[in-house]
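Novice:
There are 2 protein chains.
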Amino acid sequence: MQKPSKSSKKEEKTIKTNVVYAGIILSVNCDDVLAPNGLHVKREIVHHNGGVCILAMQDNKIAFVKQFRYAYGEEMFELPAGKLEKGEDSYHAGIRELEEEVGLKAESLTSFGSMYPSCGYTNEIIYLYKANNVTKVDRHLDADEDIDVYYFTLDEVIKMISDNIIKDAKTICLVFKYLNSIK
Amino acid sequence: MQKPSKSSKKEEKTIKTNVVYAGIILSVNCDDVLAPNGLHVKREIVHHNGGVCILAMQDNKIAFVKQFRYAYGEEMFELPAGKLEKGEDSYHAGIRELEEEVGLKAESLTSFGSMYPSCGYTNEIIYLYKANNVTKVDRHLDADEDIDVYYFTLDEVIKMISDNIIKDAKTICLVFKYLNSIK
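Dropping the structure here:
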């Protein structure tokens, strides 16, 4: 692999933190920042507690959820996922979300690392897992959740991604990492 | 493929739009929303103009950029990318960003659809392209950009994704879609 032989580590330093919105699931800072080249810049950053996403299979099919996403005004296919509660670790959040949204209880989860959804302006980290040895249990949706469950084969999922039917980033990332692991 | 035979399309309807932050690269709404089950809920949505990401190859290696990302306090490897200017279409933004950040001029771009980075709270759409027939030109970075360029083989990139060195969502999504297209 090409060795990074260029400039030493560059860092943008916080001069002043300014909270411009303190909300329910997110807050926003507009910080005064010193760039490595000496320039003073503003950085608007959405602060988010993080999320978790799980790939779970039953009878060789992958569990998907379909729900209306207000941000886009459309229904979307996604792998089961959810926000981390304050102080909650991603592993237990993953077990919880899979049970609540899909009605599958995992014996354990295998980590597939994490992904950064949009690194220019949000600090959210989404943790990715594969569920192992799942069994069916009851679902427990949140009051504002309206979610349908589907099962697709891996080939169907890959085609839906290629056809731009699946557009959700965490879903595409986790499917890719899972595929890499089984080659 | 399993036919979606469950409930008809569900939609969350806007009762009232509330702009809680109007910023430089983003704004935030906290809308009053009517959920399909009749519940009144709040939806906090980051409004963003969108982005573009390009996979460009020279001598069989893929062009990457490395830059400090303030949101995470770390330097990250990403495919060349950028924000859409107001009214700018993604195709021309892609040509522009590739020239400015990497110093590669593409004869044309092939679309690989789009991805939604974090569908729970941002409406950003990131358009994905592969560059065709590139030639070297001068770079033109923005005043606040401090970006180094690297070239990696596809195998190196896949390994960096598996090893959680590449965590950037748009990068992972576009690499996956490109891989699917050449199988």
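Protein sequence lines, in the order shown, are assigned to chains L and Y. 6 is the number that our numbering gives to position 6 of the first sequence; each next residue is one higher, with no gaps. Just remember that our numbering sits 183 ahead of the position in the second sequence, which is counted from 1. Ideal Cβ positions, reconstructed from N, Cα and C, are used throughout, including at glycine.
Going by DSSP, what residue range makes up the beta strand (DSSP E) through TYR204(Y)?
Specialist: Note, TYR204(Y): beta strand (DSSP E), 202–205.
Novice: Report yes if the C-beta distance between ALA239(Y) and VAL317(Y) is below 9 Å; otherwise report no.
Specialist: The answer is yes: Cβ separation under 9 Å.
Novice: Taking just the CA atoms, how far does ASP59(L) sit from GLU44(L)?
Specialist: So the two alpha carbons sit approximately 45 Å from each other.
Novice: When the Cα atoms are used, what is the spatial distance from PHE335(Y) to ILE198(Y)?
Specialist: If you take the alpha carbons of PHE335(Y) and ILE198(Y), they lie about 49 Å apart.
Novice: Just by C-beta distance, which residues in the segment 281–307 of chain Y are closer than 8 Å to chain L?
Specialist: Listed by position along the chain: GLY296, SER297, MET298, TYR299, PRO300, SER301, CYS302, GLY303, TYR304, THR305, ASN306, GLU307.
Novice: First and last residue of the beta strand (DSSP E) that includes GLU290(Y)?
Specialist: Where GLU290(Y) is concerned, the enclosing beta strand (DSSP E) stretches over 287–298.
Novice: Go through its chain and collect everything with a Cβ distance to LEU267(Y)'s Cβ below 7 Å, but skip five positions before and after it.
Specialist: Counting only Cβ-Cβ distances below 7 Å, and skipping sequence neighbours, we find ASN232, GLY233, GLY234, VAL235, SER273, ALA276.
Novice: Three-state secondary structure (DSSP) at SER181(L)?
Specialist: Residue state, collapsed to three classes: helix.
Novice: Given 8 Å as the limit, is there contact between the segment 292–304 of chain Y and the segment 333–347 of chain Y, that is, 3 or more CB pairs closer than that?
Specialist: In short, these stretches do not touch, since the Cβ pair count stays below three.
Novice: Taking just the CA atoms, how far does ASN220(Y) sit from ASP144(L)?
Specialist: Using only the alpha carbons, I get a separation of about 8 Å.
Novice: Which word fits THR200(Y), buried or exposed, when buried means at least 16 other C-beta atoms lie within 10 angstroms of its C-beta?
Specialist: With fewer than 16 Cβ atoms within 10 Å of its Cβ, THR200(Y) is classed as exposed.
Novice: Would you verify that the beta carbon of ARG279(Y) is, or is not, closer than 9 Å to some beta carbon of chain L?
Specialist: Chain L contact via Cβ: absent.
Novice: Report yes or no: is there a C-beta of chain Y within less than 9 Å of the C-beta of ARG43(L)?
Specialist: Chain Y contact via Cβ: present.
Novice: Under 9 Å between C-beta atoms, does ASP249(L) make it to chain Y?
Specialist: Chain L is shown from 1 up to 183; residue 249(L) falls before or after that span and cannot be answered.
Novice: Excluding the 5 residues preceding and the 5 following LYS288(Y) in the sequence, name in chain order all residues of the same chain whose CB lies nearer than 7 Å to its CB.
Specialist: Excluding sequence neighbours, LYS288(Y) sits near GLU282, VAL317, THR318, VAL320.
Novice: Could you tell me the distance, in whole angstroms, from the CA atom of VAL224(Y) to the CA atom of LYS66(L)?
Specialist: Going from the Cα of VAL224(Y) to the Cα of LYS66(L) covers about 19 Å.
Novice: Helix, strand or coil for GLU328(Y)? Go by DSSP, reduced to three states.
Specialist: Residue state, collapsed to three classes: coil.
Novice: Can you confirm whether SER181(L), when its beta carbon is compared against all beta carbons of chain Y, has any partner nearer than 9 Å?
Specialist: At least one chain Y Cβ lies under 9 Å of SER181(L).
Novice: Which residues, in chain order, does the segment 191–221 of chain Y contribute to contact with chain L at a C-beta distance below 7 Å?
Specialist: So the close ones are LYS192, LYS193, GLU194, GLU195, VAL203, TYR204, GLY206, ILE207, ILE208, LEU209, VAL211, CYS213, VAL216, ALA218, PRO219, ASN220.
Novice: Under the DSSP definition of a beta bridge, which residues are partnered with THR305(Y)?
Specialist: BP columns for THR305(Y) point to VAL229(Y).
Novice: Are SER114(L) and LYS350(Y) closer than 9 Å when you measure CB to CB?
Specialist: A contact, by the Cβ cut-off of 9 Å.
Novice: So, is the C-beta of VAL229(Y) closer than 9 Å to a C-beta in chain L?
Specialist: With 9 Å as the cut-off, VAL229(Y) counts as an interface residue toward chain L.
Novice: Tell me, which residues are paired with HIS40(L) by DSSP?
Specialist: Partner(s): LEU34(L).
Novice: Ends of the beta strand (DSSP E) at LEU337(Y)?
Specialist: Careful: LEU337(Y) lies outside any beta strand (DSSP E), inside the alpha helix (DSSP H) at 337–345.
Novice: Please compile the residues from chain L whose C-beta is within a distance smaller than 7 Å of the C-beta of ARG322(Y).
Specialist: Ordered by position in chain L, no residue passes the 7 Å Cβ test against ARG322(Y), which lies about 13 Å from the chain.
Novice: Chain Y beta carbons: is any one of them nearer than 9 Å to that of ALA71(L)?
Specialist: By this cut-off, ALA71(L) is an interface position.
Novice: Among GLY270(Y), CYS213(Y), LYS313(Y), which residue has its Cα nearest to the Cα of ILE237(Y)?
Specialist: Taking only the C-alpha atoms, the option nearest ILE237(Y) is LYS313(Y).
Novice: Could one say the Cβ of ASN243(Y) lies closer than 9 Å to chain L's Cβ atoms, at least one of them?
Specialist: So no, ASN243(Y) is outside the interface.
Novice: Out of SER162(L), VAL175(L), LEU39(L), point me to the one whose CA is closest to LYS61(L)'s CA.
Specialist: Minimum Cα distance to LYS61(L) is reached at VAL175(L).
Novice: Taking Cβ positions only, does ILE237(Y) come closer than 9 Å to chain L?
Specialist: So, not an interface residue.
Novice: In this structure, how does DSSP classify PRO4(L) when only helix, strand and coil are distinguished?
Specialist: Any reading at PRO4(L) is ruled out, since the residue's pLDDT is 42, under 50, leaving its predicted position unreliable.
Novice: By how many angstroms is the C-alpha of ASP163(L) removed from the C-alpha of VAL20(L)?
Specialist: If you take the alpha carbons of VAL20(L) and ASP163(L), they lie about 39 Å apart.
Novice: Cβ closer than 9 Å: which chain L residues qualify as neighbours of ALA352(Y)?
Specialist: Result: MET115, TYR116, PRO117, SER118, CYS119, ILE126, ALA169, LYS170, ILE172, CYS173.
Novice: Between LEU179(L) and ILE172(L), what straight-line distance do the alpha-carbon atoms span, to the nearest angstrom?
Specialist: Cα-Cα distance, rounded: 11 Å.
Novice: Considering Cα atoms alone, identify which of PHE247(Y), SER294(Y), TYR255(Y), GLY270(Y) is closest to GLY286(Y).
Specialist: Of the listed residues, the one whose Cα sits closest to GLY286(Y) is PHE247(Y).
Novice: Near ILE365(Y), which residues of its chain fall below 6 Å by C-beta distance, leaving aside the five closest residues on each side in sequence?
Specialist: None.
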